[in-house]
Amino acid sequence: MDEPTSGTEQSTDLGDLLRRLRRRADLSQRELADRAGVPQAAVARIESGRTTDPRYRTVERLVRAANGRVRLDAGPAAEDVCPSPVPHGELRDQAGRRYPAHLDVWEVHEPRDWPGAWWAEWYTLPPKRWPLPLPPATYRLNREYRDQRREREWVRGSVTVRRVTGPTVPATAWRFVAERPGGDLVGELRAHEQSPHLRWGGEERPGEREVVLDGVLVAAERRRLGIGRRLVEALLAEVASSDLACVRALAQEPGVTFLLACGFRMEASRPAALRFDRPVTRGRPPQV
Numbered sequence: 004m005d006e007p008t009s010g011t012e013q014s015t016d017l018g019d020l021l022r023r024l025r026r027r028a029d030l031s032q033r034e035l036a037d038r039a040g041v042p043q044a045a046v047a048r049i050e051s052g053r054t055t056d057p058r059y060r061t062v063e064r065l066v067r068a069a070n071g072r073v074r075l076d077a078g079p080a081a082e083d084v085c086p087s088p089v090p091h092g093e094l095r096d097q098a099g100r101r102y103p104a105h106l107d108v109w110e111v112h113e114p115r116d117w118p119g120a121w122w123a124e125w126y127t128l129p130p131k132r133w134p135l136p137l138p139p140a141t142y143r144l145n146r147e148y149r150d151q152r153r154e155r156e157w158v159r160g161s162v163t164v165r166r167v168t169g170p171t172v173p174a175t176a177w178r179f180v181a182e183r184p185g186g187d188l189v190g191e192l193r194a195h196e197q198s199p200h201l202r203w204g205g206e207e208r209p210g211e212r213e214v215v216l217d218g219v220l221v222a223a224e225r226r227r228l229g230i231g232r233r234l235v236e237a238l239l240a241e242v243a244s245s246d247l248a249c250v251r252a253l254a255q256e257p258g259v260t261f262l263l264a265c266g267f268r269m270e271a272s273r274p275a276a277l278r279f280d281r282p283v284t285r286g287r288p289p290q291v
């Protein structure tokens, strides 16, 4: 016969189960308490294990409010209907408290991981110059932002990258596409081969042809998911297995920063970008 568990262990298991139910039902502690008609403090005490012997009626009301059922059996069948664990159940804030179970919490390793790091998008500051210390983890209270993040993470994991070939694509053209399931196009890379001798003449020798990157496009709502980098990496992998010499690109910000992050390097010998704007004289066409 197994040893009976203590009241503290039972309350801890109940608290974990209640957090799982809340996450599955997408409810905060306050929302669950309002649905069940019990004080929020009671929910907090049960989940933290401070209530060692909650009333059955209270537990039943909380479980039903979270769209669960109370069962008195604990066999293998009970494990099949148990909600999934809270993904961030082991994380704690600076005060040692758990993060809200119904929200998505992620660890903060650098300023870009934290929505509160407003300076990360515009300034590259060393840690000693950061205006605020980084928290160990973070989350968004706004459910619309949270749902957008979940959807973006699903897209990140579901996108596939492939090279497009066939009779409609010239042999010297390189085209890669990033697609979602069903063929929904979310990104594209185009490039072409050229001989460096087109610039200064001379006879072309084997292994000297280059690839010129024409452009990388990613749908606006799908940017910052690593799709552009995956397209470039697919191109570089194909080039590495061929007899082509290198890949060249002309870019301006933010494309320069993007390509540097993909392993490209600056070439000081490349020409500068120039522009001439035709003068306009109060709407009249310029005199010839």
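Count the sequence shown with my numbering and you get residues 4 to 291, in order.
All C-beta atoms in this analysis are idealised placements derived from N, C-alpha and C, irrespective of residue type, glycine included.
These figures come from a predicted structure and were not determined experimentally.
Report task. Would you identify the three-state DSSP class for threonine 61, choosing helix, strand or coil? Result -> helix
**Report entry** For tryptophan 177: DSSP bridge partner residues
**Finding:** Ala194
Query - Coil, strand or helix - glutamate 82 by DSSP - result: Per-residue confidence for glutamate 82 stands at a pLDDT of 47, beneath the threshold of 50, marking its modelled position as unreliable; the derived number appears in the next sentence. DSSP places glutamate 82 in helix when its eight states are reduced to three.
Query raised in the report: When DSSP builds the beta bridges, which residues end up paired with glutamate 213?
Result: Gln197
Query raised in the report: Which residues in the same chain as alanine 248 place their Cβ atom closer than 8 Å to its Cβ, once the five residues preceding and following it in sequence are excluded?
Result: Contacts found: Pro199, Gly210, Glu211, Arg212, Glu213.
Query raised in the report: Does DSSP put valine 219 in a helix, in a strand, or in coil?
Result: strand
Query raised in the report: Any heavy atom of the ligand SAM closer than 7 Å to the Cβ of glutamate 211?
Result: As far as ligands go, the structure on display features none, and thus does not contain the ligand SAM.
Report task. Go ahead and pull the three-state DSSP assignment for threonine 11. Result -> Confidence at threonine 11 is low in this model, with a pLDDT of 40, below 50, so the placement of that residue is unreliable and no value is reported for it.
Query raised in the report: Candidates Val164, Glu93, Gly18: which alpha carbon is nearest glutamate 241's?
Result: Val164
Query raised in the report: Can proline 139 and valine 162 be called in contact, C-beta distance under 8 Å?
Result: Not in contact: proline 139 and valine 162 (Cβ atoms no closer than 8 Å).
Report task. Reducing DSSP to helix, strand and coil, say where valine 167 ends up. Result -> coil
Query raised in the report: Which ranges would you report for the alpha helix (DSSP H) in the region 65-144 if only whole runs of at least 4 residues count?
Result: 79-83
Query raised in the report: How many Å lie between arginine 153 and arginine 281 at the Cα?
Result: 48 Å
Query raised in the report: Under 8 Å, do leucine 277 and leucine 234 count as touching if we go by C-beta distance?
Result: no
Query raised in the report: Are there 16 or more other CB atoms within 10 angstroms of the CB of glycine 160, so buried, or fewer, so exposed?
Result: exposed
**Report entry** Identity of the residue in Phe179, Arg74, Tyr102, Asp150 nearest leucine 238 by Cα
**Finding:** Phe179
Requested in this report: Could you name the residues that DSSP lists as bridge partners for arginine 1?
Outcome: Nothing can be reported for residue 1: it is not among the residues displayed for the chain, which extend from 4 to 291.
Requested in this report: Compare the Cα-Cα distances from glycine 185 to each of Val172, Thr175, Val158, Ala176 and report the closest residue.
Outcome: Val158
**Report entry** Chain-order list of residues whose beta-carbon lies under 6 Å from that of leucine 106 (same chain, five-residue window excluded)
**Finding:** Tyr142
Query raised in the report: How would you write the range of the alpha helix (DSSP H) that alanine 237 sits in, first residue to last?
Result: First-last of the alpha helix (DSSP H) with alanine 237: 230-243.
Report task. Could you say which of Gly71, Thr168, Pro114 lies nearest to threonine 127 if we only look at CA atoms? Result -> Measuring from the Cα of threonine 127, the nearest candidate turns out to be Pro114.
Report task. Round the Cβ separation of leucine 216 and alanine 252 to the nearest angstrom and send it over; I've been treating them as touching at under 8 Å. Result -> 4 Å
Query - Beta bridge counterpart(s) of glutamate 182 as assigned by DSSP - result: Thr163, Leu188
Query raised in the report: For phenylalanine 279, which of helix, strand or coil comes out of DSSP?
Result: coil
Query raised in the report: What span of residues does the alpha helix (DSSP H) with leucine 263 cover, start to end?
Result: 258-264
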